[in-house]
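Count the sequence shown with our numbering and you get residues 821 to 1149, in order.
Taking it in order: structure first as structure tokens, then the write-up.
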Amino acid sequence: MNFRGRLSRSVAVLAGALAVAAIAGCGSDEGGTEASGRALANPATVEHRFGSTTIDTVPERIVTIDVQWTDTMLAMGVEPVGYTVDDLMPESGVPWQKLPANSKALSLTDGVPVEQILALDPDLVVGSFSINNEETYRLLSERVPTIAGPASADEVTPWQDLVRTAGKILDKPDEAERLVTSVDDAVSATARELPGLDGKTFALAQYIVGDSMYIVASEKDGSSLFFQQLGMKLYPPVRDEGTRTGQTRLNVSTERADLLRSDLLAFLVNGGDESDLADIPGFDQLPGTVAVLDYPTVVGLNTPTPLSIPYALDQLRPHLREAAGQPGA
């Protein structure tokens, strides 16, 4: 359920869902490959959509599904043997990533490429919203320990949680905490620099051209936490609509511009350009700061990572200044 997947493929707007237990000490009795790394003093059990997976040894050959896990492993100093690519990113790739040349790029165009993943002989597969059906999980987890995303397909895991999970799996808990602190400190510094953001409202949304709009509606969603760290709060009408409908990401028609009237709107035109904003009645009369952003920046906010947040923060800074009442700062 990622912002990019739903926004670009008319399915949803942010990340969520994945896999469960098995293999080499997982939370089930399914068989799998034995990991070859050194034993963990404290085995790491990770809860996810399909159950739980327990890792007993430090993995050495990791395949990452979705940008959140790829970024997390890169930030922790791990080069994945395989990683999935986002075909909607610029040809140059994800702007904040530096991937090793010998890692295998995997396409999700035809679904999760199970055979290609297993051919890489991984001892761990980690993913989020793309491992969204039990059969795919089963095919992977019968052969290799597999970790999926949160129980709700419409949730994005906070990046801090992913980093701490990686710290346990890699036996680098202290390094994980240092990484979390470093990125969080950068966001806190911006909050101090722009005190006018305190108490202001935000909305993160996208319009899939010719379809509908998707708006993050949960204060607990990983994509909301960044703005809250800046002192901002989710636009109350969006929050209330999410509570009423039970949706963590609202799927609404273009007639609902009333849900975009926050002090700061971070917005993506998915599958078109700014001329398509004319499809949204009243968009040109929104009262707050409207940040129409490019695809990588919105992905970086929608499925945040320790690498994407510094990048997105830099791209968003002029709009944050305007929302804070410091446009010339």
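We treat Cβ as the ideally placed atom computed from N, Cα and C, and that holds for glycine.
Please read all numbers here as calculations on a predicted model, not as lab measurements.
Between the Cα of Leu-1127 and those of Gly-1091, Thr-873, Val-1036, Thr-890, spot the shortest distance and give me the residue it belongs to.
If we check each option's Cα against that of Leu-1127, Thr-890 comes out closest.
Run through the DSSP bridge pairs and tell me what Arg-1069 is partnered with.
Under the DSSP definition of a beta bridge, Arg-1069 partners with Val-1036.
I'd like the list of long-range same chain contacts for Ala-1111, defined as Cβ closer than 6 Å, with 5 residues on each side in sequence excluded.
Sequence-distant partners of Ala-1111 (beyond 5 residues in either direction) whose C-beta falls short of 6 Å from its own C-beta, in its chain, are Ala-1086, His-1139.
Ser-872 lies in the beta strand (DSSP E); which residues open and close that run?
Where Ser-872 is concerned, the enclosing beta strand (DSSP E) stretches over 871-877.
For the beta strand (DSSP E) holding Leu-894, just list the boundary residues, first then last.
That residue, Leu-894, is in no beta strand (DSSP E); its alpha helix (DSSP H) goes 887-895.
For Gly-913 and Val-932, the rounded distance between their alpha carbons
So the alpha carbons of these two residues sit roughly 19 Å apart.
Contact check, Ile-1035 vs Val-1000, beta carbons under 8 Å
Contact check for Ile-1035 against Val-1000 fails: the beta carbons are separated by 8 Å or more.
To which residues does DSSP link Phe-1022 through a beta bridge?
In the DSSP secondary-structure assignment, Phe-1022 is bridged to Leu-1054, Leu-1084.
Is Val-1089 helix, strand or coil by DSSP?
Reduced to three states, the DSSP call for Val-1089 is strand.
With respect to the beta strand (DSSP E) encompassing Leu-982, which residues constitute its N-terminal and C-terminal limits?
DSSP places Leu-982 in no beta strand (DSSP E) but in the uninterrupted alpha helix (DSSP H) bounded by 979-989.
What residue from Ser-1038, Asp-1005, Glu-1075 has the CA that sits closest to Leu-1050's CA?
Answer by Cα proximity: Asp-1005.
Would you decide whether Ser-1044 is buried or exposed? Buried here means 16 or more other CB atoms lie within 10 Å of its CB.
Buried: at least 16 other Cβ atoms inside 10 Å.
Closer than 8 Å is the cut-off here; do at least three beta carbon pairs connect the segment 988-998 with the segment 857-864?
Yes, the segment 988-998 is in contact with the segment 857-864.
Buried or exposed: Ser-1038, going by 16 or more other Cβ atoms within 10 Å of its Cβ?
Ser-1038 is buried by the Cβ-count criterion.
Cα-Cα, which of Val-983, Thr-966, Arg-1069 is closest to Leu-1002?
With the sequence shown as reference, residue 1002 is identified as Ser, and Leu is not the correct amino acid for it. Measuring from the Cα of Ser-1002, the nearest candidate turns out to be Val-983.
Would you mind sorting Asn-1122 into buried or exposed? The rule is 16 or more other CB atoms within 10 Å of its CB.
Asn-1122 counts as buried, since no fewer than 16 other beta carbons sit within 10 angstroms of its beta carbon.
Is there contact between the segment 917-928 and the segment 885-902, where contact requires at least three CB pairs shorter than 8 Å?
Touching, yes, given that three or more Cβ pairs across the two stretches are closer than 8 Å.
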